[in-house]
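See structure below.
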Amino acid sequence: MTRFDIRKRDGLARNGIFQSDTLTLKLPAALAVETLFPDLDTRDGTNLPLCAPSALVKRYPPHNNGQPVTIHPHLDNPAHSGDCVMVADWQTALLNPRNYVDWLIGLKEKTPVDTAWYAPASGLPSNVHILCYSGFDLFDFRAVDLKSAQMRFCIPEGEYPADALDSGICTCGGCREKNLKMHNRQALLHEIALVTRFIEESQLRDLVESRCRLNAAQVAIMRHLDNQYQFMERHMPVARSGVMRANSGESLQRAEVRRFAERVITRYLPPKTDVAVLLPCSAKKPYSLSQSHRKFGRAIAGRAHELIVTSPLGLVPRELECIYPAGHYDVPVTGYWDAEECAVITTILTHYFERHAYRRIIAHLEGGALKVARMAAEACGITLEYSCLEHPTSDSALNALDSALAGERRIKDDRLHGMVSYQFNIDLDTKGTTVRGHYPELFYSKKNVQIFSIDTGTGLLRPTFDGWNLIPEGYRVYIDDFIPEGDVLIPGVVTADPGIRDGDEVLVVGARAHATGRAALPADEIPRSRRGVAVRVRKIKRL
Ligand SMILES: [Zn+2]
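Count along the sequence shown starting at 1, add 208, and that's the number in our numbering.
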């Protein structure tokens with residue numbers, strides 16, 4: 209009997225513990241495969257090429273008794289929760305990015321989630337980042353040993369002639385002993401340790417974006433995966449607590465970035481006003497704590513809806529500025545926006561303004577942000593006003609902004625309404641709500657009963673039971689007839705709303721108890737897993 213407990217997810221990547229009768233293994237890992245699967249060498253049908261035609265694969269199916277269980281794009285899933293599954297020949301997929309992504313998604317969709325994924329003869333220091341990012345967890349030394357036989361020196365940047373061994377590039381035990389095989393194995397283990405660390409910090413994407421630059425096929429794999437937005441979005445947590453580094457062009461296509469823009473366009477409900485000011489972003493997050501935004505705030509004095517134009521997110525309404533990734537991204541600021549950035553962000557602005565009409569839109573912008581605002585205005589046939597002939601924080605620009613708003617009425621600050629619409633997709637009646645606390649740590653009440661608080665790590669709202677009463681549908685996890693003690697585990701879940709993502713605030717609903725908490729995985733993975741936490745519970749209410 210084997211089992212795989214996922215301890216930490218980062219997109220498709222996982223850190224976890226794999227256990228068989230004889231050993232316990234922290235994944236991701238690389239080890240001499242004989243120690244884990246002693247009879248693998250002698251088993252039939254375990255090495256069918258990935259590109260083999262369907263008829264051939266079906267005529268020679270693998271003999272799947274014991275571990276690992278061979279899975280193949282052309283075969284029905286033979287694996288159960290807790291198995292170690294093996295995708296033979298995966299090293300060939302690395303050379304063919306389009307097939308890599310098609311095969312990966314096909315295999316991931318049909319295989320239980322809590323299975324450990326073994327890619328035999330594939331792991332190198334230069335590729336384990338993308339293999340783990342794709343959801344592989346277990347590797348062997350075959351690929352590095354082969355490189356050693358070919359007199360190639362392996363490092364994360366690639367494979368080089370063996371004389372690099374005494375060049376000072378590496379000072380590991382293998383290099384000190386002039387032992388190429390030992391160095392190559394250690395380099396693989398070292399890189400896996402690094403990847404594990406990045407998964408733990410929820411920042412594997414940042415490592416992949418930097419590592420893949422020396423390998424065109426890896427860049428292509430990352431881009432093809434980004435193009436599979438429906439698949440990737442489902443696996444991406446709604447929030448991380450760390451920084452999202454948007455340092456490359458690919459940031460625009462990250463599922464989290466696209467999801468934010470999509471929700472701003474399709475879910476978010478702006479306050480009742482017909483005057484908007486478009487503002488530049490600030491390096492400091494949330495924006496309103498920056499020097500520049502304090503100045504904008506004084507000039508605007510609540511007389512307009514504030515919309516921040518920024519790359520790569522597109523448009524951040526003031527009410528959403530704390531929510532991940534708006535409160536958490538870091539971008540290189542040059543003032544110059546490239547053509548793709550302009551095109552993508554213009555589309556976001558255009559969709560937003562087509563959906564939400566304003567009587568006046570004042571662009572208090574310069575540079576790339578001003579350019580995309582102009583392009584969007586042209587695309588949807590609206591006229592912008594400009595308050596910014598000099599730098600947006602200059603006295604003359606701020607005075608112009610103030611004068612432009614002369615005579616406009618102060619609008620009601622209703623941050624809660626905007627946040628609830630974005631997070632829960634509902635139009636909440638916020639009449640009679642009061643707020644206390646020190647921004648951004650806020651608490652909302654109605655008739656002196658607390659309904660929401662803000663998680664300052666992620667910027668998301670946390671509803672209390674009274675808050676959930678105001679959210680009529682969605683984000684529910686239905687459990688069996690029991691009272692949870694601590695977290696809700698996967699086997700206790702009957703069904704869950706399909707829109708739930710890892711990290712979402714959810715209401716646990718059962719015949720004998722309700723609970724508030726945070727989803728630990730996306731809804732569609734619950735029926736495909738046997739073990740683990742489904743909801744990290746905050747509060748339980750017996751019925
Ligand atoms: Zn070394």
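The beta-carbon is built from N, C-alpha and C at its ideal position, and this holds for glycine as well.
Check: If we call anything under 8 Å between Cβ atoms a contact, is aspartate 348 one with alanine 240?; Outcome: yes
Check: So, at 7 Å on beta carbons, what are the nonlocal neighbours of glutamate 317 in its own chain, with the 5 sequence-adjacent residues on each side left out?; Outcome: none
Check: For a test of your reading of the model: does the CB of cysteine 362 fall under 7 Å from any non-hydrogen atom of ligand 1? Yes or no.; Outcome: no
Check: Please state whether DSSP places glutamate 242 in a helix, a strand or coil.; Outcome: helix
Check: Hey, how far is the Cα of lysine 480 from the Cα of arginine 448?; Outcome: 31 Å
Check: To the nearest angstrom, how far is it from the Cα of glutamate 367 to the Cα of leucine 302?; Outcome: 15 Å
Check: Can you determine whether any heavy atom of ligand 1 sits closer than 7 Å to the C-beta of cysteine 420, and answer yes or no?; Outcome: no
Check: To which residues does DSSP link proline 525 through a beta bridge?; Outcome: Leu515
Check: Would you tell me roughly how many angstroms separate the C-alpha atoms of tyrosine 594 and tyrosine 560, rounded to the nearest one?; Outcome: 19 Å
Check: Mark phenylalanine 212 as exposed unless 16 or more other C-beta atoms lie within 10 angstroms of its C-beta, in which case mark it buried.; Outcome: buried
Check: Using DSSP's beta-bridge definition, name the partner residues of lysine 492.; Outcome: Paired residues: none, contrary to the question.
Check: Skipping 5 residues on each side, what residues in its chain have a beta carbon closer than 8 Å to that of isoleucine 473?; Outcome: Ile556, His559, Tyr560, Arg563
Check: Please state whether DSSP places leucine 475 in a helix, a strand or coil.; Outcome: For the record, residue 475 in the displayed sequence is arginine; it is not leucine. Coil at arginine 475, not helix or strand.
Check: Can you grab the Cα-Cα spacing for the pair threonine 703 / isoleucine 687, in whole Å?; Outcome: 7 Å
Check: Between glycine 682 and glycine 707, is the Cβ-Cβ spacing less than 8 Å?; Outcome: yes
Check: Tell me whether threonine 323 sits in a helix, a strand or coil according to DSSP, three-state version.; Outcome: coil
Check: For the alpha helix (DSSP H) holding phenylalanine 349, just list the boundary residues, first then last.; Outcome: Run containing phenylalanine 349: none; DSSP gives neither H nor E here.
Check: According to DSSP, simplified to helix, strand and coil, what is histidine 391?; Outcome: helix
Check: In or out: valine 701 buried (at least 16 other Cβ within 10 Å) or exposed?; Outcome: buried
Check: If we ignore side chains and look at the alpha-carbon of each, how far apart do alanine 547 and isoleucine 553 end up?; Outcome: 10 Å
Check: With DSSP as the reference, label glutamate 470 as helix, strand or coil.; Outcome: helix
Check: According to the neighbour-count rule (16 or more other Cβ atoms, all chains shown, within 10 Å of its Cβ), is glycine 224 buried or exposed?; Outcome: buried
Check: Is alanine 551 near ligand 1, in the sense that its beta carbon is under 7 Å from a heavy atom of that ligand?; Outcome: no
Check: Does DSSP put alanine 484 in a helix, a strand or coil?; Outcome: strand
Check: If you reduce the DSSP assignment to three classes, tell me which class glycine 450 lands in.; Outcome: coil
Check: Can you list, in chain order, the residues of its chain with a C-beta nearer than 8 Å to that of leucine 697? Leave out the 5 residues immediately preceding and following it.; Outcome: Arg739, Gly740, Val741, Ala742
Check: Check whether the Cβ of alanine 372 sits closer than 7 Å to any heavy atom of ligand 1, and report yes or no.; Outcome: no
Check: Using the C-alpha atoms, what's the distance from lysine 749 back to leucine 515?; Outcome: 39 Å
Check: With burial defined as no fewer than 16 other Cβ atoms inside 10 Å of the residue's Cβ, what is the status of valine 541: buried or exposed?; Outcome: exposed
Check: How big is the Cα-Cα spacing for isoleucine 313 and alanine 287?; Outcome: 16 Å
Check: Given a cut-off of 8 Å on the beta-carbon distance, is the pair valine 517 and leucine 497 in contact?; Outcome: no
Check: Spatial neighbours of leucine 573 within its chain, please: C-beta separation below 8 Å, excluding the five flanking residues on both sides.; Outcome: Leu486, Leu487, Pro488, Val517, Ala581, Cys596, Pro600
Check: Would you list the residues whose beta-carbon is nearer than 7 Å to any heavy atom of ligand 1, in the order they occur in the chain?; Outcome: Cys378, Thr379, Cys380, Gly382, Cys383, His391, Gln394, Ala395
Check: From alanine 428 to valine 309, what does the alpha carbon distance come to, in whole angstroms?; Outcome: 10 Å
Check: Looking only at its chain, what residues have a beta carbon closer than 6 Å to the beta carbon of alanine 370, apart from the 5 residues adjacent to it on each side?; Outcome: Met359, Phe361, Leu388
Check: If contacts are defined as beta-carbon pairs under 8 Å, then alanine 605 and glutamate 598 qualify, I think. What distance do you get, rounded to the angstrom?; Outcome: 5 Å
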